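Here's the structure, in structure tokens; my notes come after.
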Amino acid sequence: MPTLATAWSLSPVVPALLLMTMLYAAGLWRLWRDGHPGRGIAMIEAALFFAGMGVLALAMVWPVDAYGAWLLSAHMGQHMLLLALAPPLLLAGRPMAAVAAALPPRWSKALHRALLPLAPGFGRTLALATFANVAVMWGWHAPAALALVMRSGPAHWVMHGSFLLAGLWLWALLWQRIRDDVAGALSGAIAIVVVMMQMGFLGALLTFSQRIVYPVYADRATELGIAAFDDQQLAGLIMWVPSCLPYLAGALWLLARELRRMGKRLD
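In this note's numbering, the protein residues as written are 771 to 1037.
Okay, structure coming up:
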């Protein structure tokens, strides 16, 4: 059983997090040097990026991942950090701008050329990104899938990667609509509502279920002094309430933008 002192998950994720943090910091230094803090990337955007990296560290390195093997509530909290909270924070910091500034000019141009062909198709896939978010939520929370994850290390990391990638995909498209005065704000808000409804429905199922949905956690939770039903209800509440807050904020922002656009057209 983990304690806060031993709840470390040292895995290949750690070098990746360190590398991304170093690249971002190097990009900031190049953009902000010579007395230009906030040039290219605003200070608040940089702060949000580092907050996102902190969320990833909490979810993947210490302590949530270790406790996720013992408590369904920690397991669910980890998923929501990866899907709903880390992606908008990371993307708010304009990471590609920082990475491009950190790399040598030749490498930066090569990265731009490699990503440019993906942009048009990527921007037209909001429905697919929404479906991917719903699919990873329901697919990985099926009892059989979760039991597989508890037995298999590779499945464990595939699951985490799919949550993070699905979240980044959707939030990249949402940030495009939040930042830019372009059409599509209403479709972005609809996508958010769809994801929130599915998340809330799954959370409610766990909260009000009269049976243990995931038997693999029943004995493990009691070893930590938590009743299995209490752990399951807490897991449902985590998915149902706090996890929806980033989506709610995004939806309100997008709706406000759409109302402003409609006002301009009427003027």
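Note that beta-carbon positions come from the ideal geometry of N, C-alpha and C, so glycine has one too.
The structure presented is a predicted model; accordingly, all values stated were derived computationally and were not measured.
* Asked: Pick from 1011, 818, 871, 806: whose alpha carbon is nearest that of residue 974?
  -> 1011
* Asked: Beta-carbon separation of residue 794 and residue 857 under 8 Å?
  -> Cβ distance not < 8 Å, so residue 794 and residue 857 don't count as in contact.
* Taking the C-alpha atoms as reference points, what is the distance between residue 998 and residue 979? -> 12 Å
* **Nearest to residue 940 (by Cα), restricted to the options 810, 896, 930, 792** => 896
* **Residues of its chain near residue 994, where Cβ-Cβ distance is below 7 Å and the 5 sequence neighbours each way are ignored** => 771, 840, 841
* Decide yes or no for the touch test of the segment 828-836 against the segment 772-780: beta carbon pairs closer than 8 Å, at least 3 of them. => yes
* Asked: The alpha helix (DSSP H) with residue 810 in it runs from where to where?
  -> Taken as a continuous stretch (DSSP letters only), residue 810 belongs to no alpha helix (DSSP H), as it is neither H nor E.
* Any idea what DSSP makes of residue 864, helix, strand or coil? -> coil
* Asked: Cβ of residue 862 within 8 Å of Cβ of residue 819?
  -> Cβ atoms of residue 862 and residue 819: closer than 8 Å.
* Would you call the segment 1008-1028 and the segment 965-974 touching, i.e. three or more CB-CB distances under 8 Å? -> yes
* Enclosing alpha helix (DSSP H) for residue 916 [first to last residue] -> Residue 916 -> alpha helix (DSSP H) spans 913-921.
* Three-state class that DSSP yields for residue 876 in the structure shown -> If DSSP states are grouped into helix, strand and coil, residue 876 belongs with the helices.
* Assigned exposure category for residue 943 - 16 Cβ within 10 Å defines buried -> buried
* Asked: Would you call residue 948 buried or exposed, if buried means 16 or more other Cβ atoms sit within 10 Å of its Cβ?
  -> buried
* Asked: With residue 811 and residue 798 assumed to form a contact (beta carbons below 8 Å), what rounded beta-carbon distance in angstroms separates them?
  -> 6 Å
* Asked: Taking the continuous alpha helix (DSSP H) assigned at residue 895, which residues delimit it?
  -> Note, residue 895: premise wrong, no alpha helix (DSSP H); not H, not E.
* Do residue 907 and residue 1002 come within 8 Å of each other at the CB atom, strictly closer than that value? -> no
* Report the rounded CA-to-CA distance for residue 868 versus residue 936, giving the unit in angstroms. => 22 Å
* Asked: Which of helix, strand or coil does DSSP assign to residue 994?
  -> Looking at residue 994 - three-state DSSP - the assignment turns out to be coil, as it is neither helix nor strand.
* **Short Cβ contact (8 Å threshold) for residue 904 with residue 830** => no
* DSSP state of residue 980, grouped into three classes? -> coil
* Asked: Quick one: what does DSSP say residue 967 is sitting in, helix, strand or coil?
  -> helix
* Enclosing alpha helix (DSSP H) for residue 1038 [first to last residue] -> Here the chain covers residues 771 to 1037 and nothing more, so residue 1038 does not appear.
* Can you name, in chain order, every residue of its own chain whose Cβ lies under 7 Å from the Cβ of residue 825, other than the five neighbours on each side? -> 851, 855, 856, 859
* So, are the CB atoms of residue 900 and residue 961 less than 8 Å apart? -> In this structure, residue 961 lies closer than 8 Å to residue 900 by Cβ.
* To do: Mind reading off the beta-carbon distance from residue 965 to residue 913? Whole number of angstroms is fine, and I expect it under 8 Å.
  => Not quite, the Cβ-Cβ distance comes to about 22 Å (not below 8 Å), so this is no contact.
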